[in-house]
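Asker: Just so you know, the sequences run in chain order A and B.
First residue of the first sequence? That's 18 in the working numbering, and the numbers climb one at a time after it.
First residue of the second sequence? That's 1348 in the working numbering, and the numbers climb one at a time after it.
Next up is a structure, given as structure tokens.
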Amino acid sequence: MYAFEYHRPTSVSEAAKLAGQADDMKFIAGGHTLLPTMKMRLAGPANLIDLGQIAELRGITRSGDTLTIGAMTRYVEVLNSAEVRDAIPALVEMTELVGDPHVRHRGTIGGSIANNDPSADYPAACLALNATIVTDRRKIAADDFFQGIFTTALDEGEIITQVSFPIPSQAAYAKFRHPASRYALVGVFVAKHTDGVRVAVTGAGSNGVFRVAEMEDALSRNFAADALNGISVAEDEMNGDIHADAAYRAHLVGVMARRAVQAATLG
Amino acid sequence: MTATGIGAPVRRKEDQRFVTGQGRYVDDFNRPGQTYAYFLRSPHAHATIRSINTGPAKIMPGVVAIFTGDDLAADKIGGLICGWMIHSKDGSPMKAGPHPALAQGKVRYVGDHVAVVIAETLAQAKDAAEAIVVDYEVLPAVADTAQATKSSVQIHDVSPDNTVFNWHLGNKDETEAAFARAKHVTKIDLVNNRLVPNALEPRAALGEYDPGNDNYTLYTTSQNPHVARLVLSAFIGVAPEHKLRVIAPDVGGGFGSKIFIYAEETVCVWAAKKVKRPVKWTSDRTEAFLSDAHGRDHVTHAEMATDENGKIIGLRVHTIANLGAYLSTFSSSVPTYLYAPLLSGQYDIPAIYCEVDAVYTNTAPVDAYRGAGRPEATFVVERLVEKTARELGQDPAELRRKNYVTQFPHQTPVIMAYDTGDYAASLDKALELADYKTFPQRKQESARRGKLRGIGFSSYIEACGIAPSQAVGSLGAGVGLWESAEVRVNPTGSVEVLTGSHSHGQGHETTFAQLVSDRLGIPIDQVSIVHGDTDKVQFGMGTYGSRSGAVGMSAIAKAIDKVIAKGKKVAAHVLEASEGDIEFKDGKFGVAGTDKTLGFGEVALQAYIAHKFSGQDLEPGLKEGAFYDPTNFTFPAGVHICEVEIDPDTGVTKIERWTAVDDFGVIINPMIVEGQVHGGIAQGVGQALLEGAFYDQSGQLITASFNDYCMPRAIDLPSFQVGMTVTPCPSNPLGIKGCGEAGAIAAPPAVINAITDALGHEDIAMPATPQAVWRAAQKTRMPMAAE
């Protein structure tokens, strides 16, 4: 790890101010991606701004048909939240599959989304649930937020404050874990909303998390696994590595989508 | 059996400190004035080093020194050695290229050692390493085992085509004749996938030099500290043997990878004198992936000949063994004498012929890894037997039974003389525990759910102990493979056992103490096991090859016998009886036919005070040493049955049942033995389903972290059903065969045989990842749909 200046603001405005002043700056949330990268000397920000002491970034609230989760809320708080379990049980079930207990006690929703790892779970949830990502400057629809692997709509120094999820009538996440890393080799989040079904896929796409319009149309007409028969995603848009080439990933998208719909309709 | 004697499931004495974080590993040792070493490693698989400019790095903060291969050469420090000579078919010795601890002019794999930075802190050492400018001329590389000799890449000057040796074993003419008269020939092509050992504790070394006495101390993660000292002094020449103390304290797993003498410990000892301060290096996980000796990596074609009765009459095998970029310490023995002599398996096969071409590639060195050669042999034999049974339409269990060796001793055509065993007994017990008869119902039930169920056998045998010395010497070993022990009885009657075996997870502090408690009749907490320090233990060959029970404990037993004999003399003096009338029983020395007895502790005290010794014929004290060299290898064997269910939609293979029936001879501690079986199976399942070290065409290791290299987890394994059969080993006084490697040897073919049974075809390689199984299952689904 290279030497760096460590900052620990206690408010969003202080964090934003620090970010504006500091050169070569990184925010750190749970640190589960950034710290290993720094330890391996693959990243070496001169300034590290820790968002962990900002109380206003934490917490879970429900207001009508919207569930709002603070950006620095840790996975374990989602898991233990009766409110989330009541509103969007699929979010709890997905969070149970994030990493391992260590990760779930340190990792945060905002950190995951800001990083937009192409194999992370939360981007799929945000996209399928049609979430709104709220920052210290604006509100960004999930459809506009995720812009390719490790790339988001966030500007330099912009801080995610919370994520708002419209509560769907039915939803589920099916994850096929990468054998080694336990990230999503393929993860499919399906959610049925009053205005239609959304299907988001993580892990598989060569450009990060994406929606599958053909599946959404079919499921909007008939929210049943059989409605997906004959629908496939294009292999040439899939990621490939030694554990799963593009053809296998494309196949798994179909399998996981069906399993997600089955789980959603069982519930 | 007493509560702490032989056969008792005594809880491990050492676990208290391990599970409470009180173990003392190499990295826990810190010496005054200590510096930190960081190795600059090659980013290229193959390159000529035009120059190394350390100038800018040397003046960076905290830098104490920077050394390169030139500095080692200037001090006449020798290269690392391979201690087992193999001769090719034509009689020529193996082609051993130079293996400098720090590169001299060339690097040959990613992770090869280019320079060492020694600094006040590790971070400063890393900073300085980044400032070293190395001018590489990158050369083409070859990483693929099967392509090594066909490539135009030349890795070592001594071997223009990258061949290390072309070796063979067995009788070619008899084997060809057997195939000529065979009714059926089964052919198979196999890859035994390359594995990274991944001990929980990474390697580490701490070198220290005392100028006052001209003494060196090396703390190191070693399975065999005396061998490390011998090699470092006699061959590499960093310090005279009597001036070098090697300490291998608590060591967190080895699996073979800590047998070898590596560049890092060599450099740390040498550099400690150069900089006149202690030098510590602790591997990080990436370094471990890149530079620990890997395991396996064979490409094999094999054929099995059977007659009209389904009797195996011949076996011929051709293997290409990848030894990596350099010959590691025992690498040459693994695909030769630890491999081909096991190709007879548990079967009476009259004719066997095996050829092994060992090759260099631009990859990390390959050496012994849990099982070492024997898993590779078992994979060949057990995959072939299973395939033969399928091709002949016979039950794989019954084809095995038909071909089992039943008369002992049994001389195979490939060196080994099996001393004892009852293979059918293990098979019968395994079939019963596995509920083999009702497997067809389970398969049907799976099919109803759209799943593919399969069952696979592995009837393995291994040769353990890696002894006797005369035998291994005749096969090319550079050392003898006996073991030593010293049993020190203190005046208070407590006992310290100094053993040349080394415990790095095996539980010796418990099992060895059980033997002492059992033999001397003293409480187990009165016994300490001392190991891993060349200043304490006179000599030892270390722990590998499941040898510490059969060889190491036999040495202790021999020393205990001497202690008892001496104790009888002491008792005779004290009790004023004739030595011949003294009996030792239940911890007491007594005069036969009388009620006069002395407890073991009383005799110990009398031996040290010597007040009642008359004359000069008896020396005071009670301490005896022994060296033990067995009469043969030992031959643990058993039957493992694996039952899998495959989800053809995803390719996920779930192991539903695992039955292991092993014959390890006499068992000292069944709980520890069962643990060894569990761990071994887990590693074997890892090889079969999950693990694989892959280099790309340019020689980059693409599985260099746990993000890509998949280790087995608890969730990947079922609850094991473990049974035992016992035929005591006649080749050592305790009847022990050894258990440390059995699971890793038995498991891979059992898994793959089960998967191929489920798939209905043979086209699957290790690791059988979900992707691979899904693809293979595409060929299976049509007949399923027709059912």
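By construction, the Cβ of each residue, glycine as well, lies at the ideal position given by its N, Cα and C atoms.
Examine chain B for any beta-carbon lying closer than 8 angstroms to the beta-carbon of A/His260, and answer yes or no.
Answerer: Answer yes: the Cβ-Cβ gap between A/His260 and chain B drops below 8 angstroms somewhere.
Asker: Have a look at B/Val1481, B/Val1532, B/Leu1828 and flag the residue whose alpha-carbon is nearest the alpha-carbon of B/Thr1735.
Answerer: With distances taken between Cα atoms, B/Thr1735 lies closest to B/Val1532.
Asker: Kindly indicate the opening and closing residues of the beta strand (DSSP E) around B/Arg1835.
Answerer: Run containing B/Arg1835: 1830-1836, per the beta strand (DSSP E) assignment.
Asker: Note down the Cα distance separating B/Ala2132 from B/Gly2107, rounded to an integer number of angstroms.
Answerer: A caution first: B/Ala2132 carries a pLDDT of 41, below 50, which makes its placement in the model unreliable, though a value can still be read off. Using only the alpha carbons, I get a separation of about 14 angstroms.
Asker: Cβ closer than 9 angstroms: which chain B residues qualify as neighbours of A/Pro62?
Answerer: Here the premise fails: no neighbours, minimum Cβ distance about 16 angstroms.
Asker: Is B/Ile1993 closer than 8 angstroms to B/Ile1288 when the C-beta atoms are compared?
Answerer: As shown, chain B starts at 1348 and ends at 2134. That puts residue 1288 of chain B outside it, with no answer to give.
Asker: So, at 8 angstroms on beta carbons, what are the nonlocal neighbours of B/Phe1755 in its own chain, with the 5 sequence-adjacent residues on each side left out?
Answerer: Cβ within range, chain order: Tyr1765, Asp1766, Thr1767, Gly1768.
Asker: Just the C-alpha distance for A/Thr27 and B/Ile1399, rounded to the nearest angstrom, thanks.
Answerer: Spanning the two alpha carbons is a distance of roughly 49 angstroms.
Asker: Going by C-alpha distance, which of A/Asn224, A/Gly225, A/Leu245 is nearest A/Asp234?
Answerer: Among A/Asn224, A/Gly225, A/Leu245, the Cα nearest to that of A/Asp234 belongs to A/Leu245.
Asker: If you pair each beta-carbon of the region 1583-1593 of chain B with each one of the region 1610-1630 of chain B, do three or more pairs fall below 8 angstroms?
Answerer: Result yes; three or more Cβ-Cβ pairs closer than 8 angstroms.
Asker: Taking only the alpha-carbon atoms, compute the straight-line gap between A/Lys34 and A/Gly87 and give it to the nearest angstrom.
Answerer: Whole-angstrom Cα-Cα distance: 20 angstroms.
Asker: In chain order, what are the residue ranges of uninterrupted beta strand (DSSP E) at least 3 long that sit wholly in the region 1906-1935 of chain B?
Answerer: The region 1906-1935 of chain B contains these whole beta strand (DSSP E) runs: 1929-1932.
Asker: Using a beta-carbon distance cut-off of less than 7 angstroms, what residues from the region 194-205 of chain A approach chain B?
Answerer: Under the 7 angstroms Cβ criterion, the region 194-205 of chain A contributes Pro196, Ala197, Ser198.
Asker: Please name the residue in A/Ala148, A/Glu94, A/His119 whose C-alpha comes closest to that of A/Glu110.
Answerer: Among A/Ala148, A/Glu94, A/His119, the Cα nearest to that of A/Glu110 is on A/Glu94.
Asker: I'd like to know if the region 1945-1963 of chain B and the region 2037-2049 of chain B are in contact, where contact means that at least 3 CB-CB pairs between them fall below 8 angstroms.
Answerer: No, they do not touch.
Asker: Tell me, to the nearest whole angstrom, how far the beta carbon of A/Ile15 is from that of A/Ala32; I am working on the premise that it is less than 8 angstroms.
Answerer: The first residue shown for chain A is 18 and the last is 284, placing residue 15 of chain A beyond what the model contains.
Asker: Please go through the region 206-281 of chain A and give each complete alpha helix (DSSP H) segment of 4 or more residues, from N-terminal end onward.
Answerer: If we require 4 residues or more, the alpha helix (DSSP H) runs fully inside the region 206-281 of chain A come out as 230-238.
Asker: CB-CB under 6 angstroms to B/Val1574, same chain, minus the five flanking residues each way: which ones, in chain order?
Answerer: For B/Val1574, where only same-chain residues beyond five positions count, the Cβ hits under 6 angstroms are Gly1889.
Asker: So the candidates are B/Ala1524, B/Ala1495, B/Glu1523, B/Glu1521; which of them puts its Cα closest to the Cα of B/Thr1510?
Answerer: Out of B/Ala1524, B/Ala1495, B/Glu1523, B/Glu1521, B/Ala1495 has the C-alpha closest to the C-alpha of B/Thr1510.
Asker: Grab me the residues of B/Gln2118's own chain with a C-beta within less than 7 angstroms of its C-beta, minus the 5 sequence neighbours each way, in chain order.
Answerer: Hits under 7 angstroms: Gly1998.
Asker: With three or more C-beta pairs closer than 8 angstroms as the rule, is the region 1588-1605 of chain B touching the region 1360-1374 of chain B?
Answerer: Counting Cβ pairs under 8 angstroms, three or more are found: they touch.
Asker: At 9 angstroms on the CB atoms, spell out the chain B contacts of A/Tyr23, in chain order.
Answerer: Those do not exist, as A/Tyr23 stays about 16 angstroms from chain B at its closest Cβ, beyond 9 angstroms.
Asker: Starting from A/Tyr139, follow the beta strand (DSSP E) in both directions and report where the run begins and ends.
Answerer: Element bounds for A/Tyr139: not the beta strand (DSSP E) but the alpha helix (DSSP H), 139-145.
Asker: Name the chain C residues whose beta carbon is nearer than 9 angstroms to that of B/Leu1662?
Answerer: Among the protein chains of the structure shown, namely A and B, there is no chain C.
Asker: Counting only beta-carbon atoms, is B/Thr1564 nearer than 8 angstroms to chain A?
Answerer: No - not a single Cβ of chain A is within 8 angstroms of the one on B/Thr1564.
Asker: Whose CA, out of A/Ser223, A/Ser136, A/Ala241, lies closest to the CA of A/His195?
Answerer: It is A/Ser136.
Asker: At which residues does the alpha helix (DSSP H) containing A/Lys157 begin and terminate?
Answerer: The amino acid at residue 157 of chain A is misidentified as Lys; the sequence shows Ile. No alpha helix (DSSP H) contains A/Ile157, which is instead part of the beta strand (DSSP E) from 156-158.
Asker: Please classify B/Ile1406: is it buried, with 16 or more other beta-carbons within 10 angstroms of its beta-carbon, or exposed?
Answerer: When all chains shown are included, B/Ile1406 counts as exposed.
Asker: Would B/Asn1545 count as contacting chain A if we go by Cβ distances under 8 angstroms?
Answerer: Closer than 8 angstroms: no.
Asker: What residue range is occupied by the uninterrupted beta strand (DSSP E) comprising B/Asp1775?
Answerer: First-last for B/Asp1775: 1770-1780, but that is the alpha helix (DSSP H), not the beta strand (DSSP E).
Asker: If you compare alpha carbons, which of A/Cys143, A/Phe167, A/Tyr190, A/Ala191 is closest to A/Val180?
Answerer: Closest option to A/Val180, Cα to Cα, is A/Cys143.
Asker: Residues of chain B with CB closer than 8 angstroms to the CB of A/Leu269, please, in chain order.
Answerer: Near A/Leu269 (Cβ distances below 8 angstroms), the residues of chain B are Thr1997.
Asker: With 8 angstroms set as the bound, which would you pick, yes or no: does the beta-carbon of A/Val272 sit closer than that to a beta-carbon of chain B?
Answerer: By this cut-off, A/Val272 is an interface position.
Asker: In chain B, which residues lie with their C-beta within 9 angstroms of the C-beta of A/Tyr265?
Answerer: Those within 9 angstroms of A/Tyr265 in chain B are Gly1998, Pro2117, Gln2118, Trp2121, Arg2122.
Asker: Have a look at B/His1878 and B/Ala1902 and give me their C-alpha separation to the nearest angstrom.
Answerer: Between B/His1878 and B/Ala1902, the C-alpha separation is close to 14 angstroms.
Asker: Rounded to the nearest angstrom, what separates B/Val1917 and B/Met1900 at their Cα positions?
Answerer: One C-alpha to the other measures close to 25 angstroms.
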